[in-house]
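Chains as they are written, first to last, in the numbering used here: chain A, 1 to 117; chain B, 1001 to 1113.
Positions of the beta carbon are idealized from the N, C-alpha and C atoms, including for glycine.
Inspection log for the structure reproduced underneath, given as structure tokens.
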């Protein structure tokens, strides 16, 4: 059973370009979370999604950031018009549905390291 | 807003000793608290979850305590090994629905042989 997969692992963008980060949850998991980790900072929650629904986006910046988890395919975190301050490691996590014994556990991917030049 | 603090950025101990890491939180009553391990360049890995009605939980050489009065969790690694060297993160649920997590900045443990 493959774990959470993220791609690309490393992404370099110039200021003003768009960044697209992809996350495939573990098989059977229907909940996806995105977190950002800045240098010397802790993991910060960004958004929580279920298939085709955004459940909680309280941690998302109001502008330039968006996320989706379509019925088919991976979850996408999209950052438009990137700035240097967006440089960070972005982690995706997934968890099984409510009712599973491990519902509260989150399984993290390896992260995407975004560098904005 | 919720605040979570891990009191040490770094902890250095000798192999075989017990490592004790502390996590304190304020302005919140979480339904549960979790501990994760993170190695450099990798994503966090789940270790243990303890619920608000549990005082202590064990898993092999790991032990977690949860004091809701003190708003504190202690994480112990007994008979520590150099392979235990990593950053350990404390996390609690943002809301009682048990969805997203708020993380501490972590404590980096170094175990020397």
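- Any idea what DSSP makes of residue 1086/B, helix, strand or coil? strand
- Message: Short of 8 angstroms Cβ to Cβ, which residues in the stretch 1045 to 1070 of chain B face chain A?
- Response: The residues in question are 1045, 1046 and 1049.
- Between the beta-carbon of residue 19/A and the beta-carbon of residue 79/A, is there less than 9 angstroms? Yes, the Cβ-Cβ distance between residue 19/A and residue 79/A is below 9 angstroms.
- Message: Taking DSSP's pairing of strands, which residues face residue 60/A in a bridge?
- Response: Per DSSP, none; premise fails for residue 60/A.
- So which residues on chain A does residue 1032/B lean against when the C-beta distance must stay under 8 angstroms? 104
- Task: Show which residues of chain B have a CB atom less than 8 angstroms away from the CB atom of residue 42/A.
- Result: 1089, 1103, 1104, 1105 and 1106
- Within the stretch 1 to 64 of chain A, ranges of the beta strand (DSSP E) (whole runs, at least 3 residues): 5 to 7, 10 to 13, 19 to 24, 31 to 37, 43 to 50 and 53 to 56
- Task: Could you tell me the distance, in whole angstroms, from the CA atom of residue 1057/B to the CA atom of residue 1067/B?
- Result: 12 angstroms
- Item | Close beta carbons around residue 1016/B, own chain, < 7 angstroms, minus the five adjacent residues each side | 1079 and 1080
- Indicate whether at least one CB of chain A lies closer than 9 angstroms to the CB of residue 1100/B. yes
- Query: If you compare alpha carbons, which of 36/A, 64/A and 23/A is closest to residue 1103/B?
  - Reply: 36/A
- Message: Just checking: is the beta-carbon of residue 93/A within a distance shorter than 9 angstroms of some beta-carbon in chain B?
- Response: yes
- Query: Which word fits residue 83/A, buried or exposed, when buried means at least 16 other C-beta atoms lie within 10 angstroms of its C-beta?
  - Reply: Counting the other CB atoms within 10 Å of its CB gives residue 83/A a total below 16, which places it among the exposed residues.
- Query: Who are the neighbours of residue 1042/B on chain A, taking C-beta pairs under 9 angstroms?
  - Reply: Here the neighbours are 108, 110 and 111.
- Item | residue 1093/B to residue 1010/B span [Cα, whole Å] | 24 angstroms
- Query: When the Cβ atoms of the stretch 26 to 35 of chain A are set against those of the stretch 47 to 58 of chain A, are three or more pairs found closer than 8 angstroms?
  - Reply: yes
- Close Cβ partners of residue 1050/B (< 6 angstroms) along its chain, the five nearest in sequence each way excluded: 1033, 1057, 1064 and 1066
- Query: Considering only C-alpha positions, which residue in the set 104/A, 73/A and 90/A is nearest to residue 110/A?
  - Reply: 90/A
- Query: DSSP three-state call for residue 1061/B: helix, strand or coil?
  - Reply: Coil at residue 1061/B, not helix or strand.
- Using 9 angstroms as the limit for Cβ to Cβ distance, is residue 1036/B near chain A? yes
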